[in-house]
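Going line by line, the protein sequences match chains E and S. Going from the first sequence to my numbering is simple: count from 1 and add 48. Going from the second sequence to my numbering is simple: count from 1 and add 48. Even for Gly, the Cβ is constructed at its ideal location relative to N, Cα and C. Right, one structure below, let's go through it.
Protein chains: 2
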Amino acid sequence: MELGRRGVLRGIGAGVVASSLPSCALADALQSGRKLGYAVVGLGSYAVNQLLPRIRECDYAKLTALVSGTPAKLEKYGAEYGIPKTHRYDYAGYDRIRDNPDIDLVYVVLPNSMHAEYSIRASKAGKHVLCEKPMANTAAEAEAMIAAARAANRRLMIGYRSHFEPHNLYVIDQIRKGAIGRPTLITSEHGFYAKPGQWRLDRPMSGGGSLMDIGIYSLNAARYLSGEEPVLVQAMESTDRSDPRFATVEDRIDFQLKFPSGAIANCVSSYSSNHNAFRATGTKGWIGMEPATVYDGHSIFVRIDGKTGPVELPKATKSQWAAQMDELAKAAIEGREPRASGAEGLRDMRLIEAIYASAREGRAIRMTS
Amino acid sequence: MELGRRGVLRGIGAGVVASSLPSCALADALQSGRKLGYAVVGLGSYAVNQLLPRIRECDYAKLTALVSGTPAKLEKYGAEYGIPKTHRYDYAGYDRIRDNPDIDLVYVVLPNSMHAEYSIRASKAGKHVLCEKPMANTAAEAEAMIAAARAANRRLMIGYRSHFEPHNLYVIDQIRKGAIGRPTLITSEHGFYAKPGQWRLDRPMSGGGSLMDIGIYSLNAARYLSGEEPVLVQAMESTDRSDPRFATVEDRIDFQLKFPSGAIANCVSSYSSNHNAFRATGTKGWIGMEPATVYDGHSIFVRIDGKTGPVELPKATKSQWAAQMDELAKAAIEGREPRASGAEGLRDMRLIEAIYASAREGRAIRMTS
Numbered sequence: 049m050e051l052g053r054r055g056v057l058r059g060i061g062a063g064v065v066a067s068s069l070p071s072c073a074l075a076d077a078l079q080s081g082r083k084l085g086y087a088v089v090g091l092g093s094y095a096v097n098q099l100l101p102r103i104r105e106c107d108y109a110k111l112t113a114l115v116s117g118t119p120a121k122l123e124k125y126g127a128e129y130g131i132p133k134t135h136r137y138d139y140a141g142y143d144r145i146r147d148n149p150d151i152d153l154v155y156v157v158l159p160n161s162m163h164a165e166y167s168i169r170a171s172k173a174g175k176h177v178l179c180e181k182p183m184a185n186t187a188a189e190a191e192a193m194i195a196a197a198r199a200a201n202r203r204l205m206i207g208y209r210s211h212f213e214p215h216n217l218y219v220i221d222q223i224r225k226g227a228i229g230r231p232t233l234i235t236s237e238h239g240f241y242a243k244p245g246q247w248r249l250d251r252p253m254s255g256g257g258s259l260m261d262i263g264i265y266s267l268n269a270a271r272y273l274s275g276e277e278p279v280l281v282q283a284m285e286s287t288d289r290s291d292p293r294f295a296t297v298e299d300r301i302d303f304q305l306k307f308p309s310g311a312i313a314n315c316v317s318s319y320s321s322n323h324n325a326f327r328a329t330g331t332k333g334w335i336g337m338e339p340a341t342v343y344d345g346h347s348i349f350v351r352i353d354g355k356t357g358p359v360e361l362p363k364a365t366k367s368q369w370a371a372q373m374d375e376l377a378k379a380a381i382e383g384r385e386p387r388a389s390g391a392e393g394l395r396d397m398r399l400i401e402a403i404y405a406s407a408r409e410g411r412a413i414r415m416t417s
Numbered sequence: 049m050e051l052g053r054r055g056v057l058r059g060i061g062a063g064v065v066a067s068s069l070p071s072c073a074l075a076d077a078l079q080s081g082r083k084l085g086y087a088v089v090g091l092g093s094y095a096v097n098q099l100l101p102r103i104r105e106c107d108y109a110k111l112t113a114l115v116s117g118t119p120a121k122l123e124k125y126g127a128e129y130g131i132p133k134t135h136r137y138d139y140a141g142y143d144r145i146r147d148n149p150d151i152d153l154v155y156v157v158l159p160n161s162m163h164a165e166y167s168i169r170a171s172k173a174g175k176h177v178l179c180e181k182p183m184a185n186t187a188a189e190a191e192a193m194i195a196a197a198r199a200a201n202r203r204l205m206i207g208y209r210s211h212f213e214p215h216n217l218y219v220i221d222q223i224r225k226g227a228i229g230r231p232t233l234i235t236s237e238h239g240f241y242a243k244p245g246q247w248r249l250d251r252p253m254s255g256g257g258s259l260m261d262i263g264i265y266s267l268n269a270a271r272y273l274s275g276e277e278p279v280l281v282q283a284m285e286s287t288d289r290s291d292p293r294f295a296t297v298e299d300r301i302d303f304q305l306k307f308p309s310g311a312i313a314n315c316v317s318s319y320s321s322n323h324n325a326f327r328a329t330g331t332k333g334w335i336g337m338e339p340a341t342v343y344d345g346h347s348i349f350v351r352i353d354g355k356t357g358p359v360e361l362p363k364a365t366k367s368q369w370a371a372q373m374d375e376l377a378k379a380a381i382e383g384r385e386p387r388a389s390g391a392e393g394l395r396d397m398r399l400i401e402a403i404y405a406s407a408r409e410g411r412a413i414r415m416t417s
């Protein structure tokens with residue numbers, strides 16, 4: 049394993065594998081013991097089960113505030129994490145975070161339709177923003193979020209946790225080093241059985257179906273595995289509209305991407321079957337993971353020189369969530385763009401719109417940069 | 049394993065898993081010891097390494113004649129397999145097989161561009177025909193082959209050996225029995241690195257590139273795994289035309305198929321990287337093989353109820369080639385259509401033409417039945 053070596057990666061990968069040497073600004077921050085404060089906005093299951101417990105692992109950030117529309121949640125998690133009543137906000141009082149110097153960073157974990165509004169309001173309040181993916185319901189909203197962060201001179205980052213997950217980083221690094229030769233095919237498959245009655249099945253809240261929720265993992269992985277930006281997009285949708293879950297959003301939308309090198313990606317996005325895998329095949333062999341982008345239990349397989357075998361990595365010292373949340377804090381301290389910035393989220397949003405257009409119109413869509 | 053039970057399979061599968069009880073006509077044939085005679089046309093590496101040695105395993109067929117344009121090959125393999133000079137033909141003398149009562153069956157193993165001509169001439173000579181896949185260079189040629197066999201009241205079969213391979217049959221059977229629930233996604237991936245200087249890279253001989261040669265396995269498997277016929281076809285080609293291998297034929301052409309049930313297939317066809325795998329994912333789990341359609345060493349994996357594991361089958365008593373070659377003999381004896389008939393080959397040819405059209409025109413092609 050040679051993660052973290054400077055200069056090894058190109059393109060998307062360049063931002064994904066970071067240097068292991070802290071800058072002077074970071075060294076100072078560590079020495080002073082001062083951590084930046086996160087307000088977590090939206091206390092759904094992802095926030096309370098995955099994020100809140102992991103902020104404690106951060107070297108540069110701590111939890112300082114909670115935002116929720118449910119008083120009982122504010123009470124419960126406020127007590128559990130020692131957040132005083134002065135640092136608990138409802139949505140009506142959200143803009144008052146501006147006046148709270150203990151809040152440096154805002155993590156937006158709301159339904160997709162609220163991402164743009166609550167990210168922009170946080171930027172206007174002078175805070176750095178980490179927003180869950182998909183970045184917004186539309187590319188236009190994503191552009192507005194980037195503009196708001198820029199106008200406020202604050203950082204904007206999108207919640208691509210796999211960019212901070214060691215197995216994913218290892219696979220990217222192997223591909224960039226040429227372990228599989230020139231990549232020719234990426235397969236990237238994500239899906240799960242969507243249970244009825246969730247906001248993700250309500251288009252005004254979600255902006256779309258499986259592609260917005262889980263297919264975006266296939267899309268983003270195809271980009272970080274190839275290290276390239278697609279130039280051609282083609283998609284095929286399959287949705288049983290008589291299924292009440294799919295009254296307003298798509299079930300399955302599988303798509304193909306073509307990259308400048310000539311590599312093609314065959315991608316899967318599904319709300320009716322379980323998929324969590326990717327593989328990059330090149331002229332010399334392949335490397336892949338199954339499961340690939342899960343919370344835990346990642347599994348890497350490689351085939352080189354006609355032999356297939358697993359790769360075992362040492363146990364990570366920090367979870368993907370802590371590494372992700374630390375990244376925004378570090379970018380804020382160092383005054384630089386974070387990995388998985390707003391620009392990264394916007395690229396996916398433009399591709400998502402092209403995928404939908406291709407399936408709707410039955411034609412290949414050429415991406416213009 | 050419950051292969052061979054009547055009535056279990058539908059659609060394509062109905063023909064793939066055959067009854068294990070021989071008919072009266074077959075029982076008579078076995079009892080009399082009389083086997084039908086094969087002429088093998090074209091003595092390239094597939095014929096001499098895979099087919100000739102396996103005809104000896106057949107219960108209903110034997111090798112009785114050889115056809116080749118190379119006298120040294122006729123001499124070598126004629127001697128090796130005890131084929132008298134009277135039963136060795138060059139292409140100029142090919143039509144004289146009509147007068148040889150020891151030839152009942154003709155196996156055409158020539159370059160694709162010669163399939164139609166040599167199959168039709170065999171039909172006109174009153175012989176049953178087994179022709180390698182792809183059936184022909186075009187769907188129009190395939191239709192002419194079917195018409196010629198019908199006019200001669202003789203059988204026509206296409207060399208889809210995987211229809212006779214026990215692991216493939218097991219997987220089909222499991223899917224039809226509902227082991228994975230309703231199939232929602234098929235991935236089917238075939239490719240290899242094409243070496244320069246072969247007839248398969250010369251369009252007039254091959255009719256096309258990877259799709260005609262190896263991608264047809266992905267296409268055919270997607271159909272037999274789903275048990276359905278595609279209604280929508282979409283494809284993306286990627287060929288480095290500066291590579292002298294690809295002056296006239298495509299390298300990579302990956303494609304998507306949509307089936308009437310709503311299932312989608314993501315398929316791979318490549319001359320620049322190695323692929324040999326398929327998987328059917330359904331609402332309850334998945335079953336797949338890697339490698340899937342090789343000569344030997346097939347490997348099945350299943351994931352049901354959150355557990356993944358291999359499936360071991362008992363060693364087959366007869367090779368896929370012998371089972372295939374016996375099938376045409378049995379169909380001839382019983383006076384019925386063989387499995388993997390000309391109609392099956394024609395379906396693939398029509399889909400191949402749609403795949404090429406989709407990639408060329410950048411649009412989805414709807415199949416009309």
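Between the options, which has its C-alpha nearest residue i's C-alpha?
i	options	result
L361 (chain E)	E:D374, E:D353, E:S347	E:S347
L91 (chain S)	S:P244, S:G117, S:Q222	S:G117
G245 (chain E)	E:V359, E:D291, E:R169, E:G229	E:D291
I400 (chain S)	S:L78, S:V316, S:V96	S:V316
R198 (chain S)	S:N324, S:E385, S:W369, S:V350	S:E385
E213 (chain S)	S:D396, S:E128, S:E375, S:K175	S:E375
E392 (chain E)	E:A283, E:Y265, E:Y137, E:G383	E:Y265
Y94 (chain E)	E:T329, E:A325, E:V156	E:V156
I301 (chain E)	E:I312, E:S258, E:I234	E:S258
I145 (chain E)	E:G207, E:N97, E:Y86, E:L100	E:Y86
A127 (chain E)	E:L111, E:Y139, E:A140, E:G141	E:L111
Y241 (chain S)	E:T329, E:G410, E:I223	E:T329
S309 (chain S)	S:H215, S:L267, S:P231	S:P231
R293 (chain S)	S:G263, S:N268, S:G256	S:G256
I220 (chain E)	E:Y108, E:W334, E:N314, E:I168	E:W334
What separation, rounded to the nearest whole angstrom, lies between the Cα atoms of residue i and residue j?
i	j	result
P252 (chain E)	N322 (chain E)	25 Å
A407 (chain S)	D143 (chain E)	52 Å
H462 (chain S)	Q304 (chain E)	For chain S, the structure presents residues 49 to 417; residue 462 (chain S) sits outside this window and is missing.
A73 (chain S)	E382 (chain S)	6 Å
V359 (chain S)	R102 (chain S)	26 Å
M205 (chain E)	A187 (chain E)	15 Å
K225 (chain E)	T287 (chain E)	40 Å
R36 (chain E)	E191 (chain E)	There is simply no residue 36 (chain E) to check, as chain E begins at 49 and stops at 417 in what is shown.
Y208 (chain S)	A388 (chain S)	6 Å
M397 (chain S)	P119 (chain S)	33 Å
I312 (chain E)	L273 (chain E)	11 Å
R414 (chain S)	A402 (chain E)	21 Å
Y404 (chain E)	M260 (chain E)	10 Å
R136 (chain E)	V115 (chain E)	6 Å
What does residue i touch in chain E if you count any residue whose Cβ is under 7 Å from its own?
i	result
V316 (chain S)	L233, N314
Could you name the residues of chain E that residue i contacts, counting a contact when the two beta carbons are closer than 9 Å?
i	result
L280 (chain S)	M284, G410
Can you name the residues of chain E whose CB is closer than 8 Å to the CB of residue i?
i	result
H331 (chain S)	Sequence check: residue 331 (chain S) is Thr here, not His. Result: Y241, S320, S321.
Does chain C have any CB closer than 8 Å to the CB of residue i?
i	result
D288 (chain E)	Looking at the structure shown, chain C is missing, and the protein chains on hand are E and S.
Given that residue i touches chain S, what residues does it touch there, using C-beta distances under 8 Å?
i	result
D302 (chain E)	L233, Q304, I312, N314
task = Could you tell me whether the region 333-346 of chain S touches the region 174-187 of chain S, using the rule of 3 or more Cβ pairs below 8 Å?
result = no
ask   = Quick check: the region 190-204 of chain E against the region 263-279 of chain E, are there 3 or more CB pairs under 8 Å?
value = no
task = Report yes or no: do the region 359-373 of chain S and the region 67-85 of chain S share at least 3 C-beta pairs separated by less than 8 Å?
result = no
request  = Starting from the N-terminal side, write out each stretch of the alpha helix (DSSP H) that is 4 residues or longer and does not extend beyond the region 86-113 of chain E.
outcome  = 100-103
request  = Identify every run of the alpha helix (DSSP H) within the region 127-181 of chain E, keeping only runs that are complete inside it and at least 4 residues long; order them along the chain.
outcome  = 163-172
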